[in-house]
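In the numbering used here, the protein residues as written are 5 to 105.
Remarks on the structure that follows.
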């Protein structure tokens with residue numbers, strides 16, 4: 005009989021993002037069992053990862069640029085094909101160049 009495990013989103017995030025012996029052991033265990041989870045686990049993992057990135061990315065950026073005209077207007081114009089945040093990365097900067105995320 006195969007070992008079965010119901011995977012919690014927090015355990016999945018921990019196994020994938022933490023750099024510790026415990027996280028390595030968890031990842032090893034997950035690779036040797038049959039994991040089950042509800043469909044919601046993907047959304048929960050994404051939400052947790054997003055929150056972690058938001059918390060830590062604040063320490064990475066030295067200069068932030070406001071989402072005001074003309075950058076926001078250019079991003080808004082792309083709303084039919086991109087999310088607003090993706091469009092911000094592809095909108096022309098006021099000085100004429102294009103920033104790529």
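Every residue, glycine too, gets a C-beta built ideally from N, C-alpha and C.
Q) If we count the other Cβ atoms within 10 Å of its Cβ and call it buried at 16 or more, is residue 8 buried or exposed? A) Residue 8 sits at position 4 when you count from the first residue of the chain shown. It is exposed - the Cβ of residue 8 has fewer than 16 other Cβ atoms within 10 Å.
**Q.** Under the three-state DSSP convention, the category residue 86 falls into
**A.** If you number the chain shown from 1, residue 86 lands on position 82. It is coil, neither helix nor strand.
Q: Locate the beta strand (DSSP E) running through residue 8, then write down its first and last residues.
A: Looking up residue 8 in the chain shown gives position 4. Here the beta strand (DSSP E) through residue 8 covers 8 to 10.
Q) On the three-pair Cβ rule with 8 Å, is the segment 69 to 81 touching the segment 44 to 59? A) no
Q) Are three or more beta carbon pairs between the segment 31 to 44 and the segment 52 to 67 nearer than 8 Å? A) No: fewer than three Cβ pairs fall under 8 Å.
Q. Would the beta-carbon of residue 11 fall within 8 Å of that of residue 43?
A. As a position in the chain shown, residue 11 is number 7, starting the count at 1. As a position in the chain shown, residue 43 is number 39, starting the count at 1. No, the Cβ-Cβ distance between residue 11 and residue 43 is not below 8 Å.
Q. Roughly how many angstroms separate the alpha carbons of residue 62 and residue 25, rounded to a whole number?
A. Residue 62 sits at position 58 when you count from the first residue of the chain shown. Residue 25 sits at position 21 when you count from the first residue of the chain shown. Rounded to whole angstroms, residue 62 to residue 25 spans 27 Å at the Cα level.
**Q.** Buried/exposed call for residue 16, threshold 16 Cβ in 10 Å
**A.** Within the chain shown, the letter at position 12 stands for residue 16. Burial call: buried.
Q | Continuous alpha helix (DSSP H) stretch holding residue 3: start and end | A | For the chain, the structure presents residues 5 to 105; residue 3 sits outside this window and is missing.
Q | Buried versus exposed call for residue 19 [16 or more other C-beta atoms within 10 Å across all chains shown] | A | For the purposes of this step, residue 19 is taken as residue 15 along the chain shown, with counting starting at 1. Sixteen is the threshold: when 16 or more other Cβ atoms of the shown chains lie within 10 Å of the Cβ of residue 19, as they do, the residue is buried.
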